[in-house]
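Following this line, the structure appears as structure tokens:
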């Protein structure tokens, strides 16, 4: 791993004062294979700077933790991976009998995405919706008659349904299951699913979004749905999680192997999406990765298993291309292991 010279490459962004920022962390196999780089402001209203222990909202990075809870409950006989979601979530349309939990895990259920925060956000920010409000919308999805398992179609709503299934089958909300099964055993003490509009910890950064008035606003953090997102964490805690994807001291290898096994369509064709993570290649090397995006936030986690290297990039605005930045850092640090002529990760989404 080549850490020297990265500051001279111009890869790391230079940000204006009192602007949202970014936290970059790189972990390798050796005790000195480490890079931590942070800059910018946690809250442009107060001027509080980002720190190494700042807590970020990470959007869809949450999905791999939801998938891990599903896997553990399936192993323990609490959930039936091959059973219909209607078994666990009442009041669904007729598609609930055809869509199984495995389809939701791999995004092969054929469900559209009901709500996706994007451009055109009012200056007041994202509404204070939780799972109850979003489940009301999901229950209105009409039955298209499409057979589950015939195609891969990414949707966050499937993971909202998985969060509901976890809660109903286990008798505890997703936040509690994840804390007891994952976060506490892995010493991820700054990581939590926020399923209510509660006060954030003092070290939490605030998201910053560009609203319809063209100005940058502090995101009020009222949104509190969990499953498709809802996770708050730090770069250090994500590094602990990625270490478990490599060594799996939690289950002795079973969980890591399960989470990184790609799904298949009903006809047997493989897809790149495994259990809340994408499994593909970058510059000729296997990677396990996922990104997160929400008004005011961007995140990326990329693990190179053969190099035992992890790249984490967390931003509290959408002013930076976090995914491109993460891979640019990886290309520099892993230059001796990567083939610059091999396809970029963006070009290796096979099996979709």
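Residue numbers (my numbering): 3 to 354. We put the CB at the ideal spot given by N, CA and C, even for glycine. Every value quoted in this text rests on a predicted model; they were computed, and no experiment measured them.
Nearest-angstrom Cβ-Cβ length linking residue 300 and residue 331, presumed shorter than 8 Å: Incorrect: roughly 15 Å between the Cβ atoms, too far for contact.
Whole-angstrom distance between residue 128 and residue 223, CA atom to CA atom: 8 Å
Among 284, 147, 197 and 20, nearest to residue 337 - alpha-carbon criterion: 284
Cβ neighbour criterion (16 or more within 10 Å) applied to residue 221: buried
Per DSSP, cross-strand counterpart(s) of residue 71: For residue 71, which the question treats as bridged, DSSP gives no partner whatsoever.
Residue 105, enclosing beta strand (DSSP E) - first and last residue: Counting along the chain, residue 105 falls outside any beta strand (DSSP E), though it belongs to the alpha helix (DSSP H) covering 103-107.
Buried/exposed call for residue 36, threshold 16 Cβ in 10 Å: exposed
For residue 291: DSSP bridge partner residues: 280 and 304
Residue 2 in three-state terms, based on DSSP: Past the boundaries of the shown model lies residue 2; the chain is included only from 3 to 354, so the question cannot be answered.
Those runs of the alpha helix (DSSP H) which lie wholly inside the segment 184-263 and span at least 4 residues: DSSP runs (the alpha helix (DSSP H)) wholly in the segment 184-263: 237-249 and 256-261.
Span separating the alpha-carbon of residue 75 from that of residue 263: 17 Å
Close beta carbons around residue 51, own chain, < 7 Å, minus the five adjacent residues each side: 43 and 44
Bounding residues of the beta strand (DSSP E) (the contiguous stretch that carries residue 39): From DSSP, the beta strand (DSSP E) with residue 39 extends over 36-41.
Short Cβ contact (9 Å threshold) for residue 102 with residue 87: yes
Secondary structure of residue 44, DSSP reduced to three states: Residue 44 falls in the strand class under three-state DSSP.
CB-CB length for residue 261 against residue 276, believed under 8 Å: 6 Å
Supposed close pair residue 30, residue 311 - CB separation, criterion 8 Å: 5 Å
Cβ-Cβ distance between residue 207 and residue 58 below 9 Å: yes
Meets three-Cβ-pair contact criterion under 8 Å: the segment 267-274 and the segment 148-166: yes
Buried or exposed (CB count within 10 angstroms, at least 16 for buried), residue 2: Past the boundaries of the shown model lies residue 2; the chain is included only from 3 to 354, so the question cannot be answered.
8 Å contact criterion, which residue 165 and residue 112 should meet: CB distance rounded: That belief does not hold up - the Cβ atoms of residue 165 and residue 112 are roughly 19 Å apart, past 8 Å.
Outcome for residue 351 when other beta-carbon atoms lying within 10 angstroms are tallied against a minimum of 16: exposed
Cβ-based burial, residue 138 [other Cβ within 10 Å; buried from 16]: exposed
Residue range of the unbroken beta strand (DSSP E) whose run includes residue 137: Unbroken run through residue 137 is the alpha helix (DSSP H), 133-140; no beta strand (DSSP E).
Bridge partners - residue 27, DSSP secondary structure assignment: DSSP lists 38 and 314 as the bridge partner or partners of residue 27.
Residue 296 vs residue 225 beta-carbon contact at 9 Å: yes
Whole-Å CB distance - residue 125 paired with residue 319, under 8 Å assumed: Wrong, their Cβ atoms sit about 15 Å apart, outside the cutoff.
Residues near residue 191 by beta carbon distance below 8 Å, same chain, minus five either side: For residue 191, the CB contacts under 8 Å within the same chain, skipping 5 residues up- and downstream, are 185 and 239 in chain order.
Residue 96, buried or exposed, once every other Cβ within 10 Å from all chains shown has been counted against 16: Residue 96 is exposed by the Cβ-count criterion.
Alpha helix (DSSP H) segment containing residue 176, residue limits: 176-180
Any C-beta of chain D under 9 Å from that of residue 234: Looking for chain D here will not work: only one protein chain is present.
As assigned by DSSP and simplified to three states, the class of residue 77: helix
Pairwise C-alpha distance: residue 19 and residue 181: 36 Å
For residue 57, the three-state DSSP class (helix, strand or coil): strand
Chain-order list of residues whose beta-carbon lies under 7 Å from that of residue 183 (same chain, five-residue window excluded): In its chain, beyond the 5 residues on either side, 71 and 74 have a beta carbon closer than 7 Å to the beta carbon of residue 183.
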